[in-house]
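Just below is one structure, and these are the notes that go with it.
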Amino acid sequence: MKRFVAFVVLVSLVIAPVSHAAPKKIAVKTLQLLTSIGTPEEVSGVVVSGKTIIIYGTKASKAYARAIDSTGKELWNLSLDQSTASIATAAAVDSSGDIWITGATPLTTGLITPSPTATPFDPDKTVIPPSVFIGDLQAVALWKVSVTGSLLFTYTLPTSSVLFPTAISVDKSGASVVGIIATDKGNAGFLVNADSTGAFSKLLKIGISSTTSDAIVRHIDGSFTVTGSSSETLMGKKVVGITDGVLVKVSKSLKITSVVRSSITKGKRIWNSASSSLLLAGEVTASNKTESAVTKFSTSFVPTWTYRFASTGPALSAGSTQVFFISTGTVAQLNWNPKTPTPLLVTFDSKGVITAANSGPIGQKEVLGLLISKELGVLALTSSAESVSIFTLLTR
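Heads up: the sequence shown runs through residues 3 to 398, numbered per this note's numbering.
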């Protein structure tokens, strides 16, 4: 935009154009290492309750949770399940500070007999310990743990198919679990609710052959938003690309009421995560180019602002202002040009303007988590080939 400054002199009025330099690019600060917490094979993610960091995952074919303080000191360590094999894949913290963890376990003896599969069912390419026979994992598991490490309850929901929970959301009324479930034609997304005592509802399948459910938002009116990807027609909405990112609205009675597709011609899209404010982050692949996408949606699923960043693909969002991904290229607003793939946390304002950015160390292969804690601030979780680490914006 051009500006003009008027100068009044004794004999005439002169209006002269003044040129301005381009806006200064934002400097990228460095994320600070908080602590390393385990290996990629053992750690699925972290959540925070107060100042306690809870790590969950699978070790020696068993689901576990353990807690540390901000210095990395272990506070407790808990085996979640006593079955022959189990996995813990997602977690959330309720308003009381209790931790809800979901995963999968084998069927209880006497229920539906599992059918072994030759190829492990893992459409999201999540690392599963080699000793876990995924063909047996046909029951949704839900564990509730206190912040002091007491196992408050365990509930399971048996199904007739192999499944993999991907996300959980909780509020005062209970919890919602989404994931991927095998079908005769491929895989579908699923959604199942549990009340405040842990008792499960019926399980809703989304799609029949090539759909995933990767994130879930519970709304105050009792409805839900499920995000993920689909390569099949849903609610009459046909595929536009090879695979489309999808936003699925589900009613309180577990009926699909609308589907919005995010597409790219001859390409693939997936929404990896969704915050409660409907800030979505995901991956886009087309024409041999891979990007991370972030879009802020309104409650009616209308995009209000959006970005794409050169990356390795997956991206995670938190709150209404932040996205985390492995960057592989320049960002116009930043003083940033990575030579190798590097974790990048980008912060926006309420209108979608980039206001800050922080980078992690090179050598990180994947972003595993992004959360905002009142007590500990922003925590970003990454995985290298050898270890999983937690980074923060604060200098220790």
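We put the CB at the ideal spot given by N, CA and C, even for glycine.
Fair warning: this is a prediction, and the values are worked out from it, not measured in the lab.
Residue j beta carbon less than 7 Å from that of residue i
{"i": "A143", "j": "T86", "result": "no"}
{"i": "T213", "j": "V219", "result": "no"}
{"i": "V180", "j": "L165", "result": "no"}
{"i": "S300", "j": "T306", "result": "yes"}
{"i": "G371", "j": "V48", "result": "yes"}
{"i": "D96", "j": "V172", "result": "yes"}
{"i": "T229", "j": "L249", "result": "yes"}
{"i": "I210", "j": "K187", "result": "yes"}
{"i": "I101", "j": "V147", "result": "yes"}
{"i": "P167", "j": "A92", "result": "yes"}
Cβ-based burial, residue i [other Cβ within 10 Å; buried from 16]
{"i": "I55", "result": "buried"}
{"i": "A184", "result": "buried"}
{"i": "E293", "result": "buried"}
{"i": "S216", "result": "It is Asp, not Ser, that sits at residue 216 in the sequence shown. So D216 ends up on the buried side."}
{"i": "T267", "result": "exposed"}
{"i": "V304", "result": "exposed"}
{"i": "G331", "result": "exposed"}
{"i": "I89", "result": "buried"}
{"i": "G99", "result": "exposed"}
{"i": "A201", "result": "exposed"}
{"i": "L396", "result": "exposed"}
{"i": "I222", "result": "exposed"}
{"i": "L373", "result": "buried"}
{"i": "N290", "result": "exposed"}
{"i": "E388", "result": "exposed"}
Cβ-based neighbour list, residue i, same chain, cut-off 6 Å, excluding 5 preceding and 5 following
{"i": "W145", "result": "L82, I103, T156"}
{"i": "L280", "result": "F299"}
{"i": "V296", "result": "A283, Y309, V325"}
{"i": "S231", "result": "T214, T245, G247, I272"}
{"i": "T37", "result": "G74, I392"}
{"i": "G417", "result": "In the structure displayed, the chain extends from 3 to 398; residue 417 sits before or after that span and is not available."}
Close-in-space but distant-in-sequence residues of the same chain around residue i (CB under 7 Å, 5 per side omitted)
{"i": "S386", "result": "G365, Q366, K367"}
{"i": "V400", "result": "The question about residue 400 has no answer, for the chain in this structure spans 3 to 398."}
{"i": "L109", "result": "P116, Q140, A141, P160"}
{"i": "R253", "result": "The sequence given here places Ser at residue 253; Arg does not occur at that position. If we look at S253 and ignore the five residues flanking it on each side, its Cβ neighbours are S225, T259."}
{"i": "F311", "result": "E293, S294, F327, S329, V333"}
8 Å Cβ shell around residue i - same chain, five flanking residues per side excluded
{"i": "P345", "result": "L33, F326, F327, I328, S329, S361, G362, P363, Q366, V369, A382, T384, F393"}
{"i": "S163", "result": "Q140, I183, A184, T185"}
{"i": "I28", "result": "Q335, L336, N337, I356, T357, A358, A359"}
{"i": "K207", "result": "I183, T185, A190, G191, F192"}
{"i": "E76", "result": "R68, A69, I70"}
{"i": "L153", "result": "L80, L82, W145, K146, V147"}
{"i": "A288", "result": "G243, I266, T267, K268, G269, K270"}
Identity of the residues DSSP links to residue i by a beta bridge
{"i": "T158", "result": "A143"}
{"i": "F393", "result": "L35, A382"}
{"i": "L256", "result": "Answer is none; L256 lacks a bridge partner."}
{"i": "K219", "result": "Residue identity check: residue 219 is Val in the sequence provided, not Lys. Answer is T227, bridged to V219."}
Short CB-CB distance (under 7 Å) between residue i and chain C
{"i": "G224", "result": "The structure shown contains no chain C, having only a single protein chain."}
- prompt: Pairing CB atoms from the segment 376-383 with CB atoms from the segment 56-69, are three or more of them under 8 Å?
  reply: no
task: Could you tell me whether the segment 308-320 touches the segment 272-281, using the rule of 3 or more Cβ pairs below 8 Å?
output: yes
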